[in-house]
Amino acid sequence: NAGVTQTPKFQVLKTGQSMTLQCAQDMNHEYMSWYRQDPGMGLRLIHYSVGAGITDQGEVPNGYNVSRSTTEDFPLRLLSAAPSQTSVYFCASSYRGAGGNTDTQYFGPGTRLTVL
Amino acid sequence: SQQGEEDPQALSIQEGENATMNCSYKTSINNLQWYRQNSGRGLVHLILIRSNEREKHSGRLRVTLDTSKKSSSLLITASRAADTASYFCATYSPGRRALTFGSGTRLQVQP
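Chains A and P are the protein sequences, given in the same order.
The opening position of the first sequence corresponds to residue 1 in the working numbering, with each subsequent residue numbered one higher.
The opening position of the second sequence corresponds to residue 117 in the working numbering, with each subsequent residue numbered one higher.
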């Protein structure tokens with residue numbers, strides 16, 4: 001198992017450019033999430049999905065779009081990059097636990113994005 | 117806003133000493149989890165404690181949960197230089213189908 005993979009590892013964008021951060025998992029997990037981590041802070045939830053075709057907003061969704069057409073993939077799209085989106089982005093996945101709880105999350109290695 | 121707040125923000129100890137980190141949260145939870153993050157890397161799950169549990173052990177880790185005080189603590193015994201990392205608590209709340217993370221404790225273990 002490769003676990004959770006993210007591409008690219010590093011990216012530099014100019015203000016106004018768009019791009020897609022890729023995330024894939026091979027563990028057949030129902031739940032997938034995107035977080036951003038800013039220096040010295042914890043992770044803030046951007047968007048999440050509880051299954052193919054189902055997505056929902058997290059704490060900081062503005063400026064980002066997601067879709068979930070397959071169980072394996074959960075891409076994050078930046079529509080028009082802004083310097084405030086400079087951050088490290090982590091994708092995570094998990095099983096749907098007993099009672100609908102989200103249990104252990106498995107994280108990808110992250111994408112470090114700089115917007116100039 | 118962050119659900120959990122860790123205390124202290126930073127902790128420096130000598131190898132062999134115990135390290136204790138605390139986490140407070142604001143709303144009802146189904147479970148609370150602790151994760152470790154080495155510098156520049158992704159997060160690794162350490163331990164999960166459910167709301168009906170009060171204490172849990174895993175190797176050198178001991179986690180307690182006090183739902184009446186909305187707080188948890190993580191104890192790392194006999195620390196090693198390799199334990200140097202940031203530690204985050206994260207909560208799963210009813211009706212919210214993703215984790216909410218605290219701001220983390222940076223642990224430095226001096227050899």
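Even for Gly, the Cβ is constructed at its ideal location relative to N, Cα and C.
In this text the structure is predicted, and so the values were computed from the model without any measurement.
Reduced DSSP secondary structure (H/G/I, E/B, other) of residue i
i, result
"aspartate 103 (chain A)", "coil"
"alanine 201 (chain P)", "strand"
"serine 84 (chain A)", "helix"
"leucine 77 (chain A)", "In the sequence on display, residue 77 (chain A) carries arginine and not leucine. If DSSP states are grouped into helix, strand and coil, arginine 77 (chain A) belongs with the strands."
"glycine 51 (chain A)", "strand"
"serine 184 (chain P)", "coil"
"asparagine 65 (chain A)", "strand"
"aspartate 56 (chain A)", "strand"
"leucine 113 (chain A)", "strand"
"lysine 172 (chain P)", "strand"
"aspartate 38 (chain A)", "coil"
Counted within 10 angstroms of its Cβ, other Cβ atoms place residue i as buried (16 or more) or exposed
i, result
"serine 117 (chain P)", "The predicted model places serine 117 (chain P) with a pLDDT of 43, which falls under 50 and marks its position as unreliable, so this point remains unresolved."
"leucine 190 (chain P)", "buried"
"leucine 223 (chain P)", "buried"
"alanine 92 (chain A)", "buried"
"serine 49 (chain A)", "buried"
"glutamate 122 (chain P)", "buried"
"alanine 198 (chain P)", "exposed"
"threonine 216 (chain P)", "buried"
"glycine 158 (chain P)", "buried"
For residue i, the first and last residue of its enclosing beta strand (DSSP E)
i, result
"methionine 137 (chain P)", "135-140"
"serine 94 (chain A)", "87-94"
"glutamine 130 (chain P)", "126-130"
"histidine 29 (chain A)", "Counting along the chain, histidine 29 (chain A) falls outside any beta strand (DSSP E), and DSSP gives it neither H nor E."
"valine 225 (chain P)", "221-226"
"alanine 24 (chain A)", "19-25"
"threonine 193 (chain P)", "First-last for threonine 193 (chain P): undefined, no H or E at that position."
"isoleucine 163 (chain P)", "159-166"
"threonine 7 (chain A)", "4-7"
"leucine 148 (chain P)", "147-153"
"leucine 13 (chain A)", "10-13"
"glutamate 121 (chain P)", "121-123"
CB-CB length for residue i against residue j, believed under 8 Å
i, j, result
"valine 225 (chain P)", "serine 195 (chain P)", "5 Å"
"leucine 13 (chain A)", "valine 88 (chain A)", "About 14 Å; that fails the 8 Å criterion."
"leucine 43 (chain A)", "phenylalanine 90 (chain A)", "6 Å"
"methionine 27 (chain A)", "glycine 51 (chain A)", "Not quite, the Cβ-Cβ distance comes to about 14 Å (not below 8 Å), so this is no contact."
Nearest neighbour of residue i, chosen from the options [CA to CA]
i, options, result
"glutamine 125 (chain P)", "P:Pro210, P:Phe204 and P:Pro227", "P:Phe204"
"glutamate 169 (chain P)", "P:Gly158, P:Thr183 and P:Gly156", "P:Thr183"
"serine 140 (chain P)", "P:Glu171, P:Asn134 and P:Thr207", "P:Thr207"
"threonine 20 (chain A)", "A:Tyr106, A:Thr55, A:Gln6 and A:Phe107", "A:Gln6"
"glutamate 171 (chain P)", "P:Ala214, P:Thr221 and P:Leu148", "P:Leu148"
"arginine 178 (chain P)", "P:Ala135, P:Ala214 and P:Gly158", "P:Ala135"
"proline 210 (chain P)", "P:Gly156, P:Leu127 and P:Asn146", "P:Asn146"
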